[in-house]
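For the sequence shown, the working numbering gives the first residue as 1369, with consecutive numbering after it. These notes are about the structure you will find just below.
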Amino acid sequence: MRPRILVVYYSQTGQLRQILDSVVTDIKGKADIEYAVIEPVTPFPFPWTALQFVDAMPETVEHLPCAVKPLSSELLNKDYDLVIFGYQPWFLNPSQPTTGFLQGDLAKLFKGKPVVTVIGCRNMWLHAQEKVKEYLGGLGAHLVGNIVLTDTNPNLVSTLTVMRWSFKGQKGASGLLPAAGVQDEDIAAANRFGITIYQHFVDSNLIDLQRSLLAQGAIALKPGLVILEQRGIKNFRLWAKFIRRKGGPGDPARAGRALMFKNLLLVAIFILSPISNLTAFIKLVMKRHTLLRDVEYFRQLEYQEGRL
Ligand SMILES: Cc1cc2nc3c(=O)[nH]c(=O)nc-3n(C[C@H](O)[C@H](O)[C@H](O)COP(=O)(O)O)c2cc1C
């Protein structure tokens, strides 16, 4: 039987689309594949100004997303055997268009379907995936796999290149800095996952899919990330509330607080993060067993409320 696969995604720069194309490239001849693109009613700017960028944080973190356009009725009226759901984290949560889609009526097409999530991001995705697991559970979908592609450069390098990309629109290498985003060779090699998804589907063995994907390196996760995300999400929640008290998205009254958040973020990344790495390392040594248990949890698909 030819599986009917629906690939649902939002991508601002096209990176995630490239990743998804690679995932399905070797199964195009064996499966019917259709794409459903999530589009915000009002597109987000690209490149961003610094203020536009941080102004998107409060609503992203509080899950008050932008409106998204309806999907074509042709797509909605078809039945699919499997959904590949591509998304990217923004501020440690699903991007606003992703959340807009998951909260809307359109996501009802996920009901009862096996879903494989594909994440393309800088390197912080744990909390966003917890939220997506929660949404998928609420929609009655079955998460059967998760593939995560990140920028494998050191944290500070990927922060600098993602800033150059977001604020100047420049993805390619310049000066001492490499290209931004997920490495081209990792995108190209993502084709290995498509065959695995396909084979598990035709063998009616989706229950073991994640084990096979992990064996193929679908998720590389360092324990330190758990600590960084735990710290980050707490602060983002506080700042989201603080900024929103002054108004909604784009309200000039909240620009001062949004820019304060930006400055703090820069200090946290470039000055506090080396110190924070050290304390995270100490915590890592002291709580190694707990953190290794956490790492194992985040590599799997189960959802336990409050893990982050
Ligand atoms: C507003 C914003 C916030 C972001 N926050 C995160 C984040 O929390 N964690 C992360 O790993 N990447 C983050 N990124 C990078 C994105 O996840 C993604 O890799 C990049 O935007 C390219 O995705 P695209 O396919 O939508 O073009 C952020 C990007 C934007 C624009």
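No residue lacks a Cβ here, since even glycine has one placed at the ideal position from N, Cα and C. Bear in mind that the values here come from a model prediction, so they are computed numbers and not experimental data.
If you follow the alpha helix (DSSP H) that residue i is part of, which residue opens it and which one closes it?
{"i": "Asn1523", "result": "1523-1536"}
{"i": "Asn1514", "result": "From DSSP, Asn1514 is part of no alpha helix (DSSP H) but of the beta strand (DSSP E) over 1510-1518."}
{"i": "Arg1675", "result": "Segment: none, Arg1675 is in no alpha helix (DSSP H) and carries neither H nor E."}
{"i": "Ala1404", "result": "First-last for Ala1404: 1400-1405, but that is the beta strand (DSSP E), not the alpha helix (DSSP H)."}
{"i": "Ala1346", "result": "Outside the shown range of the chain (1369 to 1676) lies residue 1346, about which nothing can therefore be said."}
Straight-line CA distance for residue i to residue j?
{"i": "Arg1372", "j": "Pro1433", "result": "30 Å"}
{"i": "Gly1616", "j": "Gly1624", "result": "13 Å"}
{"i": "Thr1518", "j": "Cys1489", "result": "5 Å"}
{"i": "Asp1576", "j": "Glu1402", "result": "24 Å"}
{"i": "Val1385", "j": "Val1486", "result": "Residue identity check: residue 1385 is Arg in the sequence provided, not Val. Rounded to whole angstroms, Arg1385 to Val1486 spans 10 Å at the Cα level."}
{"i": "Asn1521", "j": "Gly1549", "result": "9 Å"}
{"i": "Gly1540", "j": "Thr1428", "result": "27 Å"}
{"i": "Phe1453", "j": "Leu1477", "result": "12 Å"}
{"i": "Glu1502", "j": "Arg1675", "result": "12 Å"}
{"i": "Lys1479", "j": "Gly1506", "result": "9 Å"}
{"i": "Phe1527", "j": "Leu1659", "result": "Correcting the residue identity first, residue 1527 is Thr in this sequence and not Phe. Roughly 24 Å between the two C-alpha positions."}
{"i": "Ile1643", "j": "Lys1609", "result": "26 Å"}
{"i": "Thr1393", "j": "Asn1559", "result": "6 Å"}
{"i": "Thr1311", "j": "Ala1509", "result": "Because residue 1311 is not part of the residues shown, which for the chain are 1369 to 1676, the question remains open."}
{"i": "Lys1602", "j": "Asp1552", "result": "33 Å"}
Check for me: the beta strand (DSSP E) holding residue i runs from which residue to which?
{"i": "Ala1547", "result": "Where Ala1547 is concerned, there is no enclosing beta strand (DSSP E), given that its DSSP letter is neither H nor E."}
{"i": "Val1375", "result": "1372-1377"}
On the DSSP bridge list, what partners appear for residue i?
{"i": "Cys1434", "result": "None, per the DSSP bridge assignment."}
{"i": "Tyr1455", "result": "Ile1487"}
{"i": "Asn1461", "result": "Trp1458"}
{"i": "Tyr1665", "result": "According to DSSP, Tyr1665 bridges with nothing at all."}
If residue i sits next to residue j, beta carbons under 8 Å apart, how far is it from one beta carbon to the other, in whole angstroms?
{"i": "Met1492", "j": "Glu1597", "result": "6 Å"}
{"i": "Leu1450", "j": "Leu1669", "result": "Contact doesn't hold; Cβ gap of about 15 Å is too wide."}
{"i": "Ile1406", "j": "Tyr1448", "result": "That pair is no contact at about 16 Å."}
{"i": "Ile1563", "j": "Ile1387", "result": "Not confirmed; about 16 Å, so no contact."}
{"i": "Lys1630", "j": "Val1422", "result": "4 Å"}
{"i": "Ser1534", "j": "Trp1416", "result": "5 Å"}
Between residue i and ligand 1, is there a pair consisting of the residue's CB and a ligand heavy atom that are separated by less than 7 Å?
{"i": "Ser1534", "result": "yes"}
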